[in-house]
Amino acid sequence: MEVILDTNFIMTCVKQKIDFFSDIETLGFKIIIPKQVLNELKLVIRSRKKHHFRQDAELSLKIIESEKGNWKTVDLKKYGKNTDTGIKNFAEVHERVLVATMDQELKRKIKNNKIVIRGMRKLDVVK
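What follows is the structure, given as structure tokens:
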């Protein structure tokens with residue numbers, strides 16, 4: 009089985025010092041990071057957002073780059089106009105794909121199982 013990560017999930021893991029690559033692999037999943045998520049991280053780095061957001065995004069990209077070969081990428085263009093819609097539709101088409109997100113609205117829309125952060129440090133699968 010595979011899990012697709014959204015931007016908020018990655019940045020929250022980095023902020024809370026969660027080794028999400030290791031934890032997800034321990035749960036037995038392969039990781040998918042959409043091209044759109046990588047682009048969103050790059051946009052945050054170049055944005056005028058608060059310095060700590062830019063730092064979290066920069067560290068997120070460095071961690072992702074250091075784990076090359078341990079994840080694959082997909083292009084969500086054909087699945088929706090924006091990243092969240094693309095992730096939701098991708099997960100609906102690929103029923104064995106879980107979604108790792110912290111976005112409450114996205115969680116409500118997704119019928120697949122999800123990976124969330126519990127107790128600030130632990131990744132957990134929920135329905």
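For the sequence shown, the numbering used here gives the first residue as 9, with consecutive numbering after it. Built from N, CA and C at the ideal position, the CB exists for glycine as well. For clarity, every value in this text was computed on a predicted model and none was experimentally measured.
Residue range F28 to T34 is occupied by the alpha helix (DSSP H) that includes D31. Inclusion of D92 and L106 in the CB contact set at 8 Å is not warranted, their separation being larger than that value. T81 sits in a strand when the DSSP states are folded into three classes. Pairwise C-beta distances place the stretch 19-29 in contact with the stretch 52-72, as three or more of them are shorter than 8 Å. K80 and I53 do not touch by the CB rule: their CB atoms are close to 22 Å apart, not below 8 Å. If you draw a straight line from the Cα of R104 to the Cα of S74, it comes to about 26 Å.
Within its own chain, the residues whose Cβ lies closer than 8 Å to the Cβ of E33, once the five positions on either side in sequence are excluded, are I39 and N78, listed in chain order.
Shown here, K50 sits in a helix according to DSSP, grouped into three states. Cβ neighbours of N16 within its own chain (closer than 7 Å, five residues either side excluded): T109, M110 and D111. K96 counts as buried, since at least 16 other C-beta atoms from the protein chains shown sit within 10 angstroms of its C-beta. Here K122 is buried. Its C-beta has 16 or more other C-beta atoms within 10 Å. The Cβ-Cβ distance between L131 and I26 falls below 8 Å.
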